[in-house]
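Notes to accompany the following structure.
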Amino acid sequence: MTAFTASTDSRSSAVPTPDAPTALDVGRAGEDLIADLLARSGWSVRDRNWRPAPGPGRPRGELDIVAERGGVVTVFEVKTRSGADFGHPCEAVGAEKLRRLHVLARAWAREHRDPRVPTVDVVAVHWPRDASPRVEHVGSIGWL
Numbered sequence: 075m076t077a078f079t080a081s082t083d084s085r086s087s088a089v090p091t092p093d094a095p096t097a098l099d100v101g102r103a104g105e106d107l108i109a110d111l112l113a114r115s116g117w118s119v120r121d122r123n124w125r126p127a128p129g130p131g132r133p134r135g136e137l138d139i140v141a142e143r144g145g146v147v148t149v150f151e152v153k154t155r156s157g158a159d160f161g162h163p164c165e166a167v168g169a170e171k172l173r174r175l176h177v178l179a180r181a182w183a184r185e186h187r188d189p190r191v192p193t194v195d196v197v198a199v200h201w202p203r204d205a206s207p208r209v210e211h212v213g214s215i216g217w218l
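In this text, residue positions in the sequence shown follow my numbering: the first is 75, and each later residue adds one.
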């Protein structure tokens with residue numbers, strides 16, 4: 075089930091700058107694009123780049139986007155690539171990363187006093203420098 079429309083507008087303000095964007099620039103642009111697509115598709119973006127408060131026994135890491143629609147809270151892990159040099163974006167989400175995302179999702183719910191357990195989705199953004207982005211949404215990723 076697709077959570078949002080994957081069509082994009084090449085005039086989007088999230089497009090990386092043409093002068094050799096860094097991997098961080100490309101990643102941030104992908105997250106901006108997905109947050110915008112989610113909002114335009116009826117999702118309420120609750121958090122971006124959320125990190126738990128530091129402390130003993132607390133998980134470390136970051137959630138790219140936490141959004142809600144229809145009573146469901148979902149964590150969106152956004153992986154953006156401008157080329158195929160490093161493989162498919164989803165290849166960057168292995169078993170350990172997935173486990174950490176689920177732990178962080180539960181920490182987010184606890185910190186926000188939200189009794190729901192967020193689902194975890196992965197969004198792959200293929201964004202060649204000379205073309206419009208293509209989005210693939212992989213929904214409700216469970217534990218591996």
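Virtual Cβ for every residue (Gly too), placed ideally from N, Cα, C.
Keep in mind it's a predicted model, so treat the numbers as computed, not measured.
Closest by C-alpha distance to Lys-153, out of Arg-203, Ser-206, Gly-104 and Thr-193, is Gly-104. Under the three-state reduction of DSSP output, Ile-215 falls in the coil class, being neither helix nor strand.
Contact annotation: Leu-107 and Pro-207 have beta-carbon atoms nearer than 8 Å.
Assigned with DSSP and collapsed to three states, Glu-142 falls in strand. In the structure shown, Ala-158 falls within a coil segment according to DSSP collapsed to helix, strand and coil. If the five residues before and after Arg-132 are omitted, its C-beta is found closer than 6 Å to the C-beta atoms of Pro-126, all from its own chain and listed in chain order. Beta-bridge partners of Ala-183 (DSSP): none assigned. Counting along the chain, the unbroken alpha helix (DSSP H) around Asp-99 starts and ends at 97 to 114. Annotation for Trp-124: the continuous beta strand (DSSP E) segment containing it runs 118 to 124. With fewer than three CB-CB distances shorter than 8 Å, the segment 165 to 179 does not count as touching the segment 111 to 123. Cβ neighbours of Gly-116 within its own chain (closer than 8 Å, five residues either side excluded): Arg-143.
A distance below 7 Å between beta-carbons, with the five flanking residues on each side excluded, links Val-196 to the following residues of its chain, in chain order: Glu-151, Lys-153, Cys-164, Val-167, Val-212 and Ile-215.
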